[in-house]
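Student: Quick one: the structure is below, and I'll ask about it shortly.
Number of protein chains: 2
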Amino acid sequence: MLRTPICDLFRVEHPIISAPMAGSSGGELAAAVSAAGGLGMIGGSGPGPEWLREQIELVRRRTDRPFGVGFITSAPDTDQLMETALELRVPVIAHAFADPSPYIRAAADLDILTIVQVQSVELAREAANAGAAAIAAQGIEAGGHTGYTSGTLPLVPAVVDEVGDIPVVAAGGVADGRGLAAVLMLGAAGAWMGTRFVASEESISDPYAKEQIISHGADDFLLTRVYDIVNDAPFPEHVGERILRNRFTAAWHGREDEVSLRKAELARELAASLEAGDTSVRRVLAGNSAGMVRDILPAGEIVRRIVEDAEAILRSRPGELLG
Amino acid sequence: MLRTPICDLFRVEHPIISAPMAGSSGGELAAAVSAAGGLGMIGGSGPGPEWLREQIELVRRRTDRPFGVGFITSAPDTDQLMETALELRVPVIAHAFADPSPYIRAAADLDILTIVQVQSVELAREAANAGAAAIAAQGIEAGGHTGYTSGTLPLVPAVVDEVGDIPVVAAGGVADGRGLAAVLMLGAAGAWMGTRFVASEESISDPYAKEQIISHGADDFLLTRVYDIVNDAPFPEHVGERILRNRFTAAWHGREDEVSLRKAELARELAASLEAGDTSVRRVLAGNSAGMVRDILPAGEIVRRIVEDAEAILRSRPGELLG
Chain A
640 MLRTPICDLF
650 RVEHPIISAP
660 MAGSSGGELA
670 AAVSAAGGLG
680 MIGGSGPGPE
690 WLREQIELVR
700 RRTDRPFGVG
710 FITSAPDTDQ
720 LMETALELRV
730 PVIAHAFADP
740 SPYIRAAADL
750 DILTIVQVQS
760 VELAREAANA
770 GAAAIAAQGI
780 EAGGHTGYTS
790 GTLPLVPAVV
800 DEVGDIPVVA
810 AGGVADGRGL
820 AAVLMLGAAG
830 AWMGTRFVAS
840 EESISDPYAK
850 EQIISHGADD
860 FLLTRVYDIV
870 NDAPFPEHVG
880 ERILRNRFTA
890 AWHGREDEVS
900 LRKAELAREL
910 AASLEAGDTS
920 VRRVLAGNSA
930 GMVRDILPAG
940 EIVRRIVEDA
950 EAILRSRPGE
960 LLG
Chain B
640 MLRTPICDLF
650 RVEHPIISAP
660 MAGSSGGELA
670 AAVSAAGGLG
680 MIGGSGPGPE
690 WLREQIELVR
700 RRTDRPFGVG
710 FITSAPDTDQ
720 LMETALELRV
730 PVIAHAFADP
740 SPYIRAAADL
750 DILTIVQVQS
760 VELAREAANA
770 GAAAIAAQGI
780 EAGGHTGYTS
790 GTLPLVPAVV
800 DEVGDIPVVA
810 AGGVADGRGL
820 AAVLMLGAAG
830 AWMGTRFVAS
840 EESISDPYAK
850 EQIISHGADD
860 FLLTRVYDIV
870 NDAPFPEHVG
880 ERILRNRFTA
890 AWHGREDEVS
900 LRKAELAREL
910 AASLEAGDTS
920 VRRVLAGNSA
930 GMVRDILPAG
940 EIVRRIVEDA
950 EAILRSRPGE
960 LLG
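Chains as they are written, first to last, in this note's numbering: chain A, 640 to 962; chain B, 640 to 962.
In structure tokens form, the structure reads like this:
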């Protein structure tokens, strides 16, 4: 059976981590992934500490296996949310988009492991120096918020070379067994997957978003800052978000300076359109791996299929290629 | 020994194609790659038909193995250059950035195989319908000109799923044996590599560019259109170029509208700076895989090492992972 260093580190069966996506990864999804032997993550930012507490408790009612919570660390309420995660002794915590150092130390004092998600080799080096237990190297093809620097394929080996013995998982571009087998060849210790798990029965993304993901292809998603500018979203400048092309991105992507100037007006227009049920300006977050996602499945089934496919590829393809 | 369908298709020993980079891939580089068992490609666009004829003849003096010529098909002199390639019966021709259909037919009449480089699933479908013998699926991490759509990791399997039996090679992000082993797991039939071969002894890139590539990392390259706008370069709007961050990109990337307006003035300034030997505005083309390129090597040695490393990984890593 497929085993990597993150299986021992996080005490899980399979080297698959479901991304802690705000608005998508609630306790049901995390529990289903963990129960199937992966590491299920709750997207901890957004609704607040009470919601987070409920989701953590929900996971513990469903499974006694390890799970985690991930934060948009640059968001203003991270301190408060971290308190909840630490108080409830969540086994694994993930950070992204801001300096994780103080949080890593606070977690380590309670024997909680930290994964840091990075978008460049430089950020990986900083995370390693700050004491990350594992690093998620996130490429430009990832869904939702990600960096502009590099695709996953060249980023992962560069990060592996940089951080030595710290396990690196590949984030962005993996949605099936082929992708998992591929990143393991790069030296990754597993895959961190978002888009594939958005299209799961347990994700709390709305049915419209799930339908859009399974019915669109790799070409249909673009990396943009237009919504973040309008929404004053708490992300650093080197980060954008990969979303489905829609009427709003068609009108404004590439005109960011103008979007900044007309922010208040555009925010009002957007809110009115969304209120009126206009899906043509809805923000659907997903990565290019949506091209490989064609069905909404139970999350546990997703874990099982990806592991099974990756194992089959690793067993057969090298022999076919090497003759 | 590692064999894939492109080995039979192009009658080469190894599933490695050196990218036909204008200004970098002359006859010496193509000949060295082909002599080592890869498919060496001449970057056919730029200096004109007489230069192209000389490079093709140079390859044939060095080796009797198959090689190819690749074009920036959107450039205005492609018809004339194609005439030379067809007249000299170059075994393989590659196209990118414009509709290849008429060229594929003309080549097929002479039993010449065409590789089409694409940046999206849609372009892959068009290339397959037009009769491409193989498709190079190029991700956003590639060096020099590439698309904005997707990283190589999710693009390759999506293209493989789309084009059925036509062999797909992965372009962008591969510079070592790990990358080759990875893309083979995705279902690719080989890798198309640029950056690694720019830093070869035989490439005609100048020593300054080679030094910059081996001394910079994955984070140091960005995808931009600023030089293309200033230079009126013959590329479609969905294409930019990945280059080393420098003083010019620091000043102008993200201000493309202004660059368009001040094009003539900026072109004069750039020309004057370059004339005066100012390297801080030199355009150094490379992909994020530069992070894995640390030495200038003979191209044949590059081919041998990558194949050797990929074979070693494919022999050992699946067993280690599967236990």
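Every residue, glycine too, gets a C-beta built ideally from N, C-alpha and C.
Go ahead and label M640/B buried or exposed: buried means 16 or more other beta carbons lie within 10 angstroms of its beta carbon, across all protein chains shown.
Tutor: Burial call: exposed.
Student: Would you mind working out which of R884/B, S899/B, I945/B and G939/B sits nearest T918/B, comparing C-alpha positions?
Tutor: Considering only alpha carbons, the answer is R884/B.
Student: Going by Cα to Cα distance, which pick from R921/B, M824/B and L678/B is closest to A733/B?
Tutor: Of R921/B, M824/B and L678/B, the residue nearest in Cα terms is L678/B.
Student: I want to know whether the region 712-725 of chain A touches the region 758-774 of chain A - three or more CB-CB distances under 8 Å.
Tutor: Not touching, per the Cβ criterion.
Student: Restricting to Cα atoms, I'd like to know which of A661/B, I681/B, G662/B and S663/B is closest to A670/B.
Tutor: When each option's Cα is compared against that of A670/B, the closest is I681/B.
Student: Determine whether the Cβ of I952/B lies closer than 8 Å to any Cβ atom of chain A.
Tutor: Yes, because at least one Cβ of chain A sits closer than 8 Å to the Cβ of I952/B.
Student: Which residue spans inside the region 767-822 of chain A form an unbroken alpha helix (DSSP H) run of at least 4?
Tutor: 791-802, all fully within the region 767-822 of chain A.
Student: So which residues of chain A does M931/B contact, with C-beta pairs closer than 8 Å?
Tutor: Neighbours of M931/B on chain A, chain order: P793, P796, A797 and D800.
Student: Mind reading off the beta-carbon distance from D858/A to T788/B? Whole number of angstroms is fine, and I expect it under 8 Å.
Tutor: Going by Cβ atoms, the distance from D858/A to T788/B rounds to 5 Å, so yes, they are a contact pair.
Student: Which whole-angstrom value describes the C-beta separation of I935/B and E840/B, a residue pair presumed to lie in contact below a C-beta threshold of 8 Å?
Tutor: The pair is a contact, with the Cβ atoms about 6 Å apart (cut-off 8 Å).
Student: Would you mind reading off the limits of the alpha helix (DSSP H) that contains V920/B?
Tutor: Counting along the chain, V920/B falls outside any alpha helix (DSSP H), and DSSP gives it neither H nor E.
Student: On the three-pair Cβ rule with 8 Å, is the region 824-832 of chain A touching the region 801-812 of chain A?
Tutor: These segments touch.
Student: For R881/B, does the count of other Cβ atoms within 10 angstroms reach 16, so buried, or fall short, so exposed?
Tutor: Classification for R881/B: buried.
Student: DSSP three-state call for Q719/A: helix, strand or coil?
Tutor: Correct three-state label for Q719/A: helix.
Student: Between the region 861-873 of chain A and the region 689-700 of chain A, are three or more C-beta pairs nearer than 8 Å?
Tutor: Segments in contact, no.
Student: Three or more C-beta pairs under 8 Å: does that hold for the region 816-825 of chain B against the region 942-962 of chain B?
Tutor: Cβ pair count under 8 Å is three or more, so yes.
Student: In whole angstroms, give me the CA-to-CA distance for V798/A and L792/A.
Tutor: Roughly 11 Å separates the two Cα atoms.
Student: With 8 Å set as the bound, which would you pick, yes or no: does the beta-carbon of P957/A sit closer than that to a beta-carbon of chain B?
Tutor: Chain B, which has a Cβ nearer than 8 Å to the Cβ of P957/A, makes this yes.
Student: Are S842/A and S663/A touching if we call contact CB-CB under 8 Å?
Tutor: Cβ atoms of S842/A and S663/A: closer than 8 Å.
Student: Kindly say whether L883/B, judged by its beta-carbon, lies nearer than 8 Å to any beta-carbon of chain A.
Tutor: No, its Cβ sits nowhere closer than 8 Å to a Cβ of chain A.
Student: At the level of alpha carbons, what is the spacing between V698/B and L960/B?
Tutor: Looking at the two C-alpha atoms, the distance is approximately 43 Å.
Student: Verify the CB distance criterion: does L900/A have a CB-CB separation below 8 Å to chain B?
Tutor: No, L900/A lies away from the interface with chain B (no Cβ there is under 8 Å from its Cβ).
Student: How about A857/A: is its C-beta nearer than 8 Å to some C-beta of chain B?
Tutor: Output row for A857/A: interface = yes.
Student: Do V964/A and A771/A have their C-beta atoms closer together than 8 Å?
Tutor: Lying outside 640 to 962, the shown extent of chain A, residue 964/A is not represented and no answer is given.
Student: Please report the residue range of the alpha helix (DSSP H) in which T834/B lies.
Tutor: That run of the alpha helix (DSSP H) goes T834 to V837.
Student: Along the chain, where does the alpha helix (DSSP H) that runs through E840/B open and close?
Tutor: Note, E840/B: premise wrong, no alpha helix (DSSP H); not H, not E.
Student: Against chain B, does V837/A count as a neighbour if the rule is that its beta carbon must be under 8 Å from one of theirs?
Tutor: Chain B, which has no Cβ nearer than 8 Å to the Cβ of V837/A, makes this no.
Student: Mind checking which residues open and close the alpha helix (DSSP H) that includes L691/B?
Tutor: Element bounds for L691/B: P688 to R701.
Student: Starting from the C-beta of S899/B, find all residues in its chain whose C-beta is less than 6 Å away, skip the five residues before and the five after it, and write them out in chain order.
Tutor: For S899/B, where only same-chain residues beyond five positions count, the Cβ hits under 6 Å are I868.
Student: For G786/A, which of E895/A, L905/A, M931/A and H877/A has the nearest alpha-carbon?
Tutor: Selected option, being the one with the closest Cα: H877/A.
Student: If you follow the alpha helix (DSSP H) that F706/B is part of, which residue opens it and which one closes it?
Tutor: Element bounds for F706/B: not the alpha helix (DSSP H) but the beta strand (DSSP E), F706 to G709.
Student: Closer than 8 Å, Cβ to any Cβ of chain B: which residues of the region 817-847 of chain A, in chain order?
Tutor: Taking 8 Å as the Cβ-Cβ cut-off against chain B, the residues of the region 817-847 of chain A that qualify are R817, G818, A820, A821, V822, L823, M824, L825 and G826.
Student: Compute the Euclidean distance between the alpha carbons of G930/A and G790/B, then round it to the nearest angstrom.
Tutor: Answer to the nearest angstrom: the Cα atoms are 12 Å apart.
Student: Just confirm the distance between the C-beta atoms of V672/A and F836/A, as a whole number of angstroms; I'd bet it's less than 8 Å.
Tutor: That pair is a contact at about 7 Å.
Student: For the beta strand (DSSP E) containing V755/B, list its first residue and its last residue.
Tutor: Here the beta strand (DSSP E) through V755/B covers L752 to V757.
Student: From R921/B to V760/B, what does the alpha carbon distance come to, in whole angstroms?
Tutor: Computed Cα separation, rounded: 33 Å.
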